[in-house]
Amino acid sequence: MEAAFGSRATSVAADLVLGGLEHRTADQALADGESPRDVWDAICDVQDLPDELRWHHRRQPARRR
Numbered sequence: 002m003e004a005a006f007g008s009r010a011t012s013v014a015a016d017l018v019l020g021g022l023e024h025r026t027a028d029q030a031l032a033d034g035e036s037p038r039d040v041w042d043a044i045c046d047v048q049d050l051p052d053e054l055r056w057h058h059r060r061q062p063a064r065r066r
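When we follow this note's numbering, the leftmost residue of the sequence shown carries the number 2, and every step to the right adds one.
If you want it as structure tokens, here you go:
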């Protein structure tokens, strides 16, 4: 969330109503047991985020030597 929304991430999670998740916010949906992946996908859809941000959390971290 912070990679996509910066300092607004907490507000987005608390305030953005997601129609694809029965008109709940991300915080409400997670509290009700929705999977984080489904919640993130709903946020990406509503905000029309580019693929680079949509898949940011699924990238492999660089290996340390």
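Yeah, the Cβ is synthetic: ideal placement off N, Cα and C, and Gly gets one too.
Since the model is a prediction, treat every value here as computed from it, not as a measurement.
Here the alpha carbon of V18 sits roughly 9 Å from the alpha carbon of V47. Taking C-beta atoms as the reference points, A10 and L50 fail to come closer than 7 Å. Residue environment analysis places A43 among the buried positions, since at least 16 neighbouring C-beta atoms fall within 10 angstroms of its C-beta.
For L54, the three-state secondary structure derived from DSSP is helix. In the structure shown, L19 falls within a strand segment according to DSSP collapsed to helix, strand and coil.
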